[in-house]
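As they're listed, the protein sequences go chains A and B. With the first letter of the first sequence counted as 1, position 24 gets the number 242 in the numbering used here; the numbers rise by one all the way through. With the first letter of the second sequence counted as 1, position 148 gets the number 227 in the numbering used here; the numbers rise by one all the way through. The beta-carbon is built from N, C-alpha and C at its ideal position, and this holds for glycine as well. The next block holds one structure in the form of structure tokens; read it before the comments.
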Amino acid sequence: MRCQACHALAYDRVGPRHCGVVGRKAGSVAGFPYSPAMKKANVVWTEKTLDRFLISPLKMVPGTTMTYDGVPDPQDRADLVAYLKQAGKSAECVR
Amino acid sequence: MPTPATARRLFLGRSGGLVLSGAAVALLCGNDALAATTGGGKMEDVSILNTALGAELEAIAAYQLGAESGLLQKPVLGIAVSFQGHHKEHAAVLAKTIEKLGGKAVSAKDKYNFPVDQLKTQADVLRFAARLEQGAVSAYLGAVPLFGNRDLAKAAASILGDEAMHWAILRQALGEVPVPSAFVA
């Protein structure tokens with residue numbers, strides 16, 4: 219999966235951990251070196267905001283260090299968001 | 080089978096005196112080309128390069144872990160050593176380019192949370208490395224269209240090609256179809 223280049227569920231890598239991302243305030247994982255842009259973004263990650271972010275991360279959060287082109291296909295994005303929601307309840311995240 | 084200490088020497092032995100070649104040299108010599116990047120695009124390019132550098136540094140540490148695990152046997156160990164060497168070259172050229180553009184290159188983390196408890200056999204290590212390489216290909220693919228400077232996009236594509244070859248070889252070593260599709264994603 220393409221997000222696994224930089225993210226893991228339970229721990230921080232090049233990008234912050236994805237456990238609990240749905241419902242989380244952007245830029246709020248303690249200890250992760252976010253860009254100033256992400257810290258100031260003032261969004262809460264929901265199905266809707268995640269979808270918008272994933273179309274083009276740099277358009278929604280200019281200056282983000284998630285320098286990734288985006289996921290153009292709406293169905294792919296919906297699948298990813300569904301996965302993130304589901305994974306948040308998985309054993310890897312809940313323990 | 081090499082002891083972890085031998086493996087470590089093998090790896091560390093390659094870290095000094097990198098020989099940069101091909102796209103790397105063109106990139107580093109191309110002052111004019113780099114100067115052609117204008118305005119805010121330049122800092123954005125630095126940020127793209129830094130994210131890529133972060134991933135390369137993680138890959139270097141991952142191969143180090145693989146070698147020191149004592150789970151890799153010849154000839155696989157040699158392949159891993161050579162792939163780690165490529166990642167070191169990528170990291171070196173990215174860091175130099177970042178500095179050339181006036182940015183500050185990120186450094187390696189003190190600690191990576193690799194799934195060490197899940198690495199029990201050579202195949203586990205190979206699968207772990209293959210996942211990282213696949214991820215790296217995908218990350219570079221997502222970066223190529225973002226560069227303001229087309230020479231940087233070309234250099235990223237050159238690295239992408241190298242990492243796709245690593246991925247294929249690792250799949251082959253695992254007995255999987257080495258090239259599973261006509262396109263990478």
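| Asked | Found |
| --- | --- |
| Neighbourhood of Trp246 (chain B) by C-beta distance below 7 Å, restricted to the same chain and skipping five residues each side | Ala209, Glu212, Gln213, Val216 |
| Buried or exposed (CB count within 10 angstroms, at least 16 for buried), Glu123 (chain B) | buried |
| Whole runs of the alpha helix (DSSP H) within the stretch 130 to 155 of chain B, excluding any shorter than 4 residues | none |
| Interface partners of Leu276 (chain A) on chain B, CB under 8 Å | Glu123, Leu225 |
| C-beta neighbour in chain B for Cys311 (chain A), strict 9 Å | no |
| Same chain, Cβ closer than 7 Å to Val125 (chain B), neighbours up to 5 away in sequence not counted | Ile177, Leu180, Gly182 |
| Beta-bridge pairing of Val262 (chain A) - partner residues as DSSP gives them | A:Lys243 |
| Euclidean distance between Cα positions of Ala235 (chain B) and Leu128 (chain B) | 9 Å |
| Collapsed DSSP secondary structure at Thr282 (chain A) in the structure displayed | coil |
| Residue-level contact to chain A via CB, Asn228 (chain B), 9 Å cutoff | no |
| Rounded straight-line distance, which links the Cα of Leu298 (chain A) to that of Cys108 (chain B) | Caution applies to Cys108 (chain B), whose pLDDT of 46 falls short of 50 and renders its modelled position unreliable; the value that the coordinates give is listed next. Going from the Cα of Cys108 (chain B) to the Cα of Leu298 (chain A) covers about 41 Å. |
| For His165 (chain B), three-class secondary structure by DSSP | helix |
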